[in-house]
Amino acid sequence: GAGVSQSPSNKVTEKGKDVELRCDPISGHTALYWYRQSLGQGLEFLIYFQGNSAPDKSGLPSDRFSAERTGGSVSTLTIQRTQQEDSAVYLCASPGQGTYGYTFGSGTRLTVV
Amino acid sequence: DAKTTQPPSMDCAEGRAANLPCNHSTISGNEYVYWYRQIHSQGPQYIIHGLKNNETNEMASLIITEDRKSSTLILPHATLRDTAVYYCIVRVDPGGYNKLIFGAGTRLAVHP
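Sequences listed follow chains A and B, in order. Counting from 112, one number per residue, gives the positions in the first sequence under my numbering. Counting from 26, one number per residue, gives the positions in the second sequence under my numbering.
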């Protein structure tokens, strides 16, 4: 597609449940990034994909967080056994060509109650 | 960790130029400076980027000091819609790819 699509836009879940967040990047873009933004904070890098592999997972906060990408396109970020501190906006980005900036999706606002 | 420092907030009168400073004293020779902004409840929006030379586009101008240790984003005629958080970012290249490390940003308030 022309932009980065994320779904759902909002998700409320109970503590301890698993959630899946989806990112559909710009068509043909092989690189994909996930970021997290807690309330009132800047963006925190989570993971980088090149194709279907993730050479940089350094930002994943714990082993409850995982992500995959299939077909070099759609990516899913999974959070297992959610905790209240996982509440945040999760953003996906698809880089432009060369030295140009990333295009971000509108994010998924996750609330753990 | 972010490689940039910015003031947490600034004000600007509508129609005036907004000059947003950023310090990046540890920047490396091949690292670019990027600026993004984030309007409430939206994803960050790319504004401009540069390496050594000053840059201008339809949104803003970027002035980078000769020693590259600081830069200024200039919005020449600020409007109320420019109220947002502005992030100055150094793009790092860990090896074969790049990533943007965001700091806390500057919250710009444009008032009538």
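Quick reminder that beta carbons are idealized off the backbone N, C-alpha and C, glycines included.
Residues bridged to residue i [DSSP beta-bridge criterion]
i: residue 215(A); result: 204(A)
i: residue 167(A); result: 159(A)
i: residue 35(B); result: 133(B)
i: residue 65(B); result: BP columns for residue 65(B) are empty, so no partner.
i: residue 184(A); result: BP columns for residue 184(A) are empty, so no partner.
i: residue 110(B); result: 63(B), 132(B)
i: residue 133(A); result: 118(A), 187(A)
i: residue 123(B); result: For residue 123(B), which the question treats as bridged, DSSP gives no partner whatsoever.
i: residue 142(B); result: A query on residue 142(B) cannot be resolved here, the shown segment of chain B reaching from 26 to 137 and no further.
i: residue 80(B); result: 87(B)
Interface partners of residue i on chain C, CB under 8 angstroms
i: residue 202(A); result: Absence of chain C from the displayed structure is noted, the protein chains being A and B.
Supposed contact pair residue j and residue i - C-beta distance, whole angstroms, cut 8 angstroms
i: residue 135(B); j: residue 47(B); result: Not really, about 19 angstroms apart at Cβ, beyond 8 angstroms.
i: residue 60(B); j: residue 87(B); result: 7 angstroms
i: residue 160(A); j: residue 180(A); result: 5 angstroms
i: residue 117(B); j: residue 58(B); result: Not confirmed; about 12 angstroms, so no contact.
i: residue 140(A); j: residue 205(A); result: 4 angstroms
Residue of the options minimising C-alpha distance to residue i
i: residue 182(A); options: 223(A), 151(A), 164(A); result: 164(A)
i: residue 124(B); options: 157(A), 173(A), 218(A); result: 157(A)
i: residue 90(B); options: 83(B), 133(B), 98(B); result: 98(B)
i: residue 220(A); options: 126(A), 132(A), 162(A), 115(A); result: 132(A)
i: residue 117(A); options: 128(A), 223(A), 152(A), 136(A); result: 136(A)
i: residue 132(B); options: 167(A), 178(A), 152(A); result: 152(A)
i: residue 120(B); options: 29(B), 35(B), 56(B); result: 56(B)
i: residue 196(A); options: 184(A), 127(A), 177(A); result: 127(A)
i: residue 222(A); options: 123(A), 171(A), 184(A); result: 123(A)
i: residue 71(B); options: 110(B), 28(B), 77(B); result: 110(B)
i: residue 173(A); options: 188(A), 125(A), 184(A); result: 188(A)
Residue i and residue j closer than 9 angstroms at C-beta
i: residue 69(B); j: residue 213(A); result: yes
i: residue 186(A); j: residue 143(A); result: yes
i: residue 130(B); j: residue 63(B); result: yes
i: residue 122(B); j: residue 167(A); result: yes
Cβ-heavy atom distance, residue i to the ligand ZN, below 8 angstroms
i: residue 64(B); result: You won't find the ligand ZN in this model; it holds no ligand whatsoever.
Legend entry - the region 145-158 of chain A / the region 196-203 of chain A touching (three or more Cβ pairs under 8 angstroms): Here the region 145-158 of chain A lies against the region 196-203 of chain A, with 3 or more beta-carbon pairs under 8 angstroms apart.
Inset, instruction - Would you check if the region 41-49 of chain B and the region 174-194 of chain A touch, i.e. whether three or more CB-CB distances between them fall below 8 angstroms? - result: Contact fails: fewer than three Cβ-Cβ distances are below 8 angstroms.
Inset, instruction - Could you tell me whether the region 87-102 of chain B touches the region 52-60 of chain B, where touching means 3 or more Cβ pairs closer than 8 angstroms? - result: Yes, they touch.
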